[in-house]
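K.L.:
Below are the structure tokens for one structure; questions will follow.
Chains as they are written, first to last, in our numbering: chain A, 47 to 394; chain B, 47 to 394; chain C, 47 to 394; chain D, 47 to 394.
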């Protein structure tokens with residue numbers, strides 16, 4: 047599978063959640079991917095375009111049950127798992143061995159680190175497929191580009207993790223990082239998924255701001271593990287996620303007290319200057335510019351007597367989920383890395 | 047210019063306003079259009095991607111002054127005029143005669159009807175190129191499809207006009223319309239353009255609703271003119287535009303008291319059932335499904351003892367401006383009508 | 047109970063829903079009302095300020111169970127019923143007879159008309175206390191002022207009903223009304239109550255617009271009943287409720303094709319010119335000005351050759367629920383009608 | 047002026063800006079304050095209720111020109127200066143000496159520290175009344191309570207400064223603060239004032255997030271000066287203000303890596319446990335609970351192995367401006383400190 051003319055057959059498990067729906071949208075936008083099947087248990091039997099009206103006219107199929115989809119796993123060259131956290135641990139052991147030519151990419155938190163104890167601590171219970179953990183490649187594309195080609199099992203990073211890693215990864219072992227690194231990240235409401243809940247109830251969210259899972263969000267696990275595997279000294283985060291009254295996006299702020307902003311900006315430009323999906327700017331990104339796209343912006347600002355701050359802006363469902371998944375699949379299958387990802391969002 | 051493999055060279059006048067910026071985005075998304083030049087007077091000399099960061103990486107040019115752009119009109123196969131209302135009246139007389147092989151499409155209100163008196167009444171002053179008025183084709187694509195091929199002068203409909211016509215056009219001379227037809231349309235704030243003003247000041251808009259230009263919005267001119275040219279009986283609108291706290295979109299509601307909803311729905315399905323960019327639904331559309339896309343949804347609802355209502359949902363900058371402009375240009379130049387328009391928006 | 051110095055003891059049934067919580071807020075703001083008890087079944091035993099943090103410091107009590115609250119009904123001079131639709135039909139028959147000196151005001155839809163058939167049609171099932179229906183006074187204060195003093199059973203109007211009646215009531219039998227009257231009303235998300243659901247899920251509501259219960263919303267029942275009881279000719283509504291991405295407010299638009307706006311405005315000024323809580327304006331109200339207050343704005347606009355439109359703006363939880371309930375209770379108990387209601391909201 | 051029955055005559059300079067309009071609202075809500083006059087240069091001669099429709103029915107006066115208002119300075123017991131930054135430096139020297147019995151409270155940034163060099167650095171030019179600087183009392187009420195009684199010249203803190211000081215002040219000299227202290231604060235759009243501008247243009251703000259004046263916001267001046275005057279060791283802030291798509295509010299996050307959250311919470315409860323306008327909570331505040339009110343919430347959270355974070359939530363126009371101004375005036379004039387401030391906001 048090495049040519050840009052290839053047709054890649056895709057299956058999507060859990061296609062009616064917000065992440066799954068966005069994977070479907072990215073499949074529709076991809077010149078090489080074609081949808082083989084998609085599952086949506088509660089909507090099984092309904093035409094895709096009835097459940098996801100934004101995709102009306104793009105797919106003619108009906109949603110399958112999970113069972114029916116799994117039975118057709120072998121028809122797909124790549125399967126996207128967009129299931130609730132915990133479900134991939136059941137599915138992958140059952141199916142991956144049976145279908146050795148299929149590429150599996152998990153968009154949940156099940157296989158992001160090789161650390162079962164960390165998993166148990168942050169995800170609230172023991173891992174049910176611990177022996178598979180170290181067989182997955184962690185798909186933070188820009189930091190993992192060389193190990194992706196040919197990968198059959200890929201764990202797509204979390205949305206917060208992607209935002210934080212984009213801001214932080216180029217600074218590892220540069221002497222720029224404090225211990226701990228203080229970080230806030232504001233998230234849009236779509237990050238909480240399709241199921242209505244109190245924290246995403248419009249009357250209580252629309253003009254609100256609040257923090258949650260302070261200093262203990264589960265994405266800490268993958269971020270600290272990934273960075274510490276690439277760093278000479280231990281990196282610890284003081285990480286505060288916050289709910290913002292936007293629908294899409296993650297806006298990350300990282301403090302670098304006492305560090306010169308111009309040096310930080312130069313490190314960012316070295317790291318990302320040639321990245322097709324990442325813009326580096328002096329100053330703050332505007333969140334809206336990347337909303338509903340696979341793109342990211344990294345910004346750097348500072349004052350001579352105080353130090354620097356780094357920002358990153360991504361779409362939680364785009365670069366933070368479906369967009370990065372496509373990027374990883376493109377690399378794994380030998381396509382152009384940005385195939386299906388080169389389209390702009392709106393100015394507003 | 048008749049093949050889908052053609053490369054069409056585009057010029058854009060006024061490319062940094064919201065409509066112009068969206069035209070630029072649609073050019074970037076179009077497989078056959080290539081940007082020859084774009085003007086933005088206040089931003090002349092700046093790279094396009096600096097002014098419109100959503101387009102960073104998509105265009106390498108700098109913005110030109112209006113003067114420099116006009117001097118290069120002959121290099122373009124099609125020129126999009128996205129100027130403030132009134133400016134096209136100056137530009138088109140000056141340039142269109144000089145460049146007889148160029149297609150001109152005006153996205154402002156200058157050339158939408160052949161009626162100079164109507165123009166004077168609704169736009170606050172006499173038309174300055176009245177002899178050109180009847181040379182323009184009014185580009186409400188779905189209602190004007192046959193006159194577009196080969197058109198050199200196209201007036202793109204207003205955003206409200208598009209929303210209202212989509213809901214109303216299939217009902218002309220069917221006996222469904224009251225006299226007058228009562229219509230409301232809610233608009234997003236991007237319809238007011240890029241210049242900050244009181245009515246789009248975030249603290250006063252964000253949780254507000256209000257009506258404006260009640261019963262006298264200038265789009266009445268083109269809607270009533272267009273319909274009455276196609277109707278046996280006079281059609282008058284009781285039209286109330288309203289400001290909603292959304293960024294993009296126009297949501298139109300049209301009353302058909304005493305009419306059977308099932309018959310209305312059937313008329314809509316006959317009219318739009320095969321339209322690639324229009325979905326017909328029983329019930330109400332969801333505004334968000336078409337936001338930031340070139341698509342439209344028309345919905346019909348009713349109660350046996352009361353009658354029917356028709357809804358339409360479009361993006362004011364998409365189907366209501368840049369999207370329809372591309373559709374019109376595609377037809378005028380012999381491309382596939384939906385070239386560059388077949389991509390989905392997000393579910394949220 | 048006739049002096050402004052009186053202390054009125056209030057009980058609130060269902061105080062943790064949005065309407066109940068707003069009643070609590072209005073009780074806190076009222077110089078004569080004192081909270082005797084409040085029930086919140088799911089939060090029974092918790093301090094009021096923990097459940098409703100906006101009221102921290104205003105009440106020292108804990109929430110009671112429904113059962114415990116009902117047992118204390120006799121301690122209250124007035125009981126506000128802010129229960130889910132249908133529950134008041136159980137409670138009032140059980141308690142009102144036992145406590146003949148207590149005033150009962152129901153904020154649900156259970157007792158708003160004397161018409162059990164209409165109730166069955168619009169509320170989806172037979173009324174369970176039909177013999178009580180005609181003992182209730184319908185509390186559209188401005189149209190019912192003379193029957194309220196001394197009333198012991200009051201049905202507070204629905205939020206949409208209040209918005210529509212404010213716009214429509216002064217026009218009954220003036221020759222201004224079409225048949226049917228076309229009306230739209232936009233509502234904020236708090237109107238759907240505290241329970242998260244799909245239509246109030248922030249990712250799907252925040253930039254959305256949609257209509258619902260088109261031509262069959264249950265508030266039609268009370269509006270048409272109330273008006274037809276006061277009109278020589280039958281009044282029918284073509285009523286389309288719509289969901290707007292705001293938290294609070296109802297913005298109503300009513301069409302009067304062919305009628306002179308100046309005459310309509312004069313009728314409104316005659317009706318409301320001396321009302322302390324209603325402003326009459328030429329043009330459109332701004333929704334935000336009355337949000338989170340007990341006030342209303344009625345506006346009139348028109349064009350000479352087309353006719354008129356009338357608008358009203360209220361807060362759905364204020365004038366549309368708790369505010370009007372206080373107004374009604376004030377009148378019923380002989381207090382100054384606006385006691386506890388004379389405070390302004392913010393400009394933004 | 048020492049009794050709660052007193053009538054205090056208020057003048058307001060600059061009453062049609064957002065801060066001035068909110069001062070007017072708080073005057074309307076205050077049992078002891080009566081409006082003597084209010085100026086609004088651009089709206090001079092217009093009834094107050096026409097310019098500020100939320101106050102219709104509360105004031106019968108018309109707005110005066112600045113000149114006419116100043117001429118009546120002597121009629122006021124207290125004058126609120128809600129002028130654009132820089133104007134108070136002109137007005138106070140001219141009027142305060144003439145009217146020695148009037149209390150002056152400046153809500154702009156002109157007189158908040160005695161440091162003219164700091165002013166020049168952060169406000170972009172030399173101070174024009176430097177000799178008055180040290181005659182002002184800085185009105186961070188909770189930290190300055192003892193010096194306010196009898197004060198004739200009061201500088202009301204900035205909105206960000208108030209949010210940051212509430213979170214930080216109780217921690218001075220407790221060993222809890224890092225050097226520097228990392229702080230973010232999210233602000234609503236009303237903080238940018240009534241004049242429309244690009245950063246508050248609804249289409250660009252409504253779903254956006256961005257940082258601005260990173261590490262160099264002018265409120266750093268007053269916060270660092272105030273704290274360092276009360277601390278044994280130097281306190282420096284790494285402060286990143288951010289624009290959120292809300293209308294009202296400031297949500298502050300302050301990092302205390304390595305510090306035990308339970309100890310921090312105890313310090314907060316010691317400091318604020320008896321404050322009538324401040325709630326202390328374990329966890330994060332919800333921004334919306336204090337919007338449009340004079341109240342504040344301080345929250346503390348932490349993890350055993352990581353440390354603590356402190357949050358504060360205020361309304362930028364309430365506790366961050368008009369509310370605190372009233373609190374300060376109440377203390378200065380010997381009224382109950384919370385007179386006119388004891389009313390709740392909504393739950394949503």
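Ideal placement from N, C-alpha and C gives every residue a C-beta, glycine not left out.
Predicted model only: the values in this text are computed from it and were never measured.
Residue 292 of chain D to residue 238 of chain D, Cα distance in whole Å?
P.N.:
Answer to the nearest angstrom: the Cα atoms are 12 Å apart.
K.L.:
Could you have a look at residue 309 of chain C and say whether DSSP puts it in helix, strand or coil?
P.N.:
If DSSP states are grouped into helix, strand and coil, residue 309 of chain C belongs with the helices.
K.L.:
In chain B, which residues lie with their C-beta within 9 Å of the C-beta of residue 340 of chain A?
P.N.:
Near residue 340 of chain A there are no residues of chain B at all, since even the closest Cβ is about 12 Å away, more than 9 Å.
K.L.:
Can you give the Cα-Cα distance for residue 259 of chain C and residue 361 of chain C, rounded to whole angstroms?
P.N.:
Cα to Cα, residue 259 of chain C sits roughly 20 Å from residue 361 of chain C.
K.L.:
If you drop the 5 nearest sequence neighbours on each side, which residues of the same chain put their C-beta closer than 6 Å to that of residue 48 of chain C?
P.N.:
Bear in mind that the predicted position of residue 48 of chain C carries a pLDDT of just 40, short of 50, making it unreliable; the figure below should be weighed with that in mind. Cβ neighbours of residue 48 of chain C beyond the five flanking positions: 380.
K.L.:
Could you give the distance in angstroms between the alpha-carbon of residue 50 of chain D and the alpha-carbon of residue 367 of chain C?
P.N.:
Because residue 50 of chain D carries a pLDDT of 48, less than 50, the predicted location of this residue cannot be relied on, and no value is offered for it.
K.L.:
Return the CA-CA distance between residue 205 of chain A and residue 296 of chain A, expressed in angstroms with no decimal places.
P.N.:
Taking the straight line from one Cα to the other gives about 7 Å.
K.L.:
Looking only at DSSP bridge pairs, what is residue 357 of chain D linked to?
P.N.:
Answer is D/299 and D/345.
K.L.:
Residues of chain D with CB closer than 8 Å to the CB of residue 253 of chain B, please, in chain order.
P.N.:
The answer, in chain order, is 293.
K.L.:
Just to make sure I have the definition right: I need the residues of chain D whose C-beta is within less than 8 Å of the C-beta of residue 269 of chain C. Which are they?
P.N.:
Chain D residues near residue 269 of chain C: none, gap ~26 Å exceeds 8 Å.
K.L.:
Taking 8 Å as the threshold, find out whether the stretch 217 to 229 of chain B comes into contact with the stretch 225 to 236 of chain D through three or more Cβ pairs.
P.N.:
Result no; under three Cβ-Cβ pairs closer than 8 Å.
K.L.:
Along the alpha helix (DSSP H) that carries residue 134 of chain A, what are the first and last residues, could you check?
P.N.:
First-last of the alpha helix (DSSP H) with residue 134 of chain A: 134 to 141.
K.L.:
Inspect the beta-carbon positions of residue 76 of chain B and residue 324 of chain B and report whether they are closer than 8 Å.
P.N.:
Their beta carbons are not under 8 Å apart, which means residue 76 of chain B does not touch residue 324 of chain B by this criterion.
K.L.:
Please report the distance separating the alpha-carbon of residue 159 of chain B from that of residue 243 of chain D.
P.N.:
Between residue 159 of chain B and residue 243 of chain D, the C-alpha separation is close to 35 Å.
K.L.:
Taking all protein chains shown into account, decide if residue 246 of chain C is buried (16 or more other Cβ within 10 angstroms of its Cβ) or exposed.
P.N.:
It is buried - the Cβ of residue 246 of chain C has at least 16 other Cβ atoms within 10 Å.
K.L.:
Could you give the uninterrupted runs of the beta strand (DSSP E) lying entirely in the stretch 191 to 254 of chain B, keeping only those of 3 residues or more?
P.N.:
As far as the stretch 191 to 254 of chain B is concerned, its whole beta strand (DSSP E) runs of at least 3 residues are 199 to 201 and 227 to 233.
K.L.:
Mind listing the chain D neighbours of residue 244 of chain B? Cutoff is C-beta to C-beta under 8 Å, in chain order.
P.N.:
By Cβ distance, chain D contributes 242.
K.L.:
Could you tell me the alpha carbon to alpha carbon distance between residue 202 of chain A and residue 231 of chain C, rounded to whole angstroms?
P.N.:
Their Cα atoms are separated by approximately 45 Å.
K.L.:
Mind listing the chain A neighbours of residue 210 of chain D? Cutoff is C-beta to C-beta under 8 Å, in chain order.
P.N.:
Neighbours of residue 210 of chain D on chain A: none; closest Cβ ~15 Å, over 8 Å.
K.L.:
At which residue ranges does the stretch 78 to 106 of chain B contain complete alpha helix (DSSP H) runs of 4 or more residues, listed in the order of the chain?
P.N.:
Here the runs fully enclosed are 94 to 97.
K.L.:
Would you report the Cα separation of residue 392 of chain C and residue 378 of chain C, rounded to the nearest angstrom?
P.N.:
The alpha-carbon atoms of residue 392 of chain C and residue 378 of chain C are separated by roughly 30 Å.
K.L.:
So that I know if they touch, is there some Cβ in chain C lying closer than 8 Å to that of residue 100 of chain D?
P.N.:
By this cut-off, residue 100 of chain D is an interface position.
K.L.:
Per the DSSP calculation, residue 108 of chain B is bridged to which residue(s)?
P.N.:
Residue 108 of chain B pairs with B/93.
K.L.:
Helix, strand or coil: how does DSSP classify residue 271 of chain C here?
P.N.:
Three-state result, residue 271 of chain C: helix.
K.L.:
Given a cut-off of 8 Å, decide if residue 91 of chain B and residue 109 of chain B are closer than it, judged by their beta-carbon atoms.
P.N.:
In contact: residue 109 of chain B and residue 91 of chain B (Cβ atoms closer than 8 Å).
K.L.:
For residue 164 of chain A, which three-state DSSP category applies?
P.N.:
DSSP places residue 164 of chain A in helix when its eight states are reduced to three.
K.L.:
Beta carbon of residue 294 of chain C, beta carbon of residue 363 of chain C: below 8 Å?
P.N.:
Cβ distance < 8 Å, so residue 294 of chain C and residue 363 of chain C count as in contact.
K.L.:
Does the Cβ-Cβ distance between residue 250 of chain C and residue 394 of chain B come in under 8 Å?
P.N.:
Going by C-beta atoms, residue 250 of chain C is nearer than 8 Å to residue 394 of chain B.
K.L.:
So which of A/98, A/64, A/106 and A/57 has the shortest CA-CA distance to residue 82 of chain A?
P.N.:
Closest option to residue 82 of chain A, Cα to Cα, is A/57.
K.L.:
For residue 313 of chain D, which residues from the same chain have a beta carbon less than 8 Å from its beta carbon, with the 5 sequence-adjacent residues on both sides left out?
P.N.:
Within the same chain, residue 313 of chain D has close Cβ partners 216, 217, 220 and 222.
K.L.:
Closer than 8 Å by beta-carbon distance: list the chain B residues that pair up with residue 68 of chain A, in chain order.
P.N.:
Per Cβ cutoff of 8 Å: 392 and 393.
K.L.:
Cα separation between residue 152 of chain B and residue 165 of chain B?
P.N.:
Between residue 152 of chain B and residue 165 of chain B, the C-alpha separation is close to 15 Å.
K.L.:
Helix or strand or just coil, what does DSSP make of residue 264 of chain C?
P.N.:
Of the three classes helix, strand and coil, the one that applies to residue 264 of chain C here is coil, per DSSP.
K.L.:
Excluding five sequence neighbours on each side, which residues of the same chain lie with their C-beta closer than 6 Å to the C-beta of residue 317 of chain C?
P.N.:
Around residue 317 of chain C: 216.
K.L.:
Considering only C-alpha positions, which residue in the set B/274, B/285, B/253 and B/281 is nearest to residue 265 of chain B?
P.N.:
The shortest C-alpha separation from residue 265 of chain B is found at B/285.
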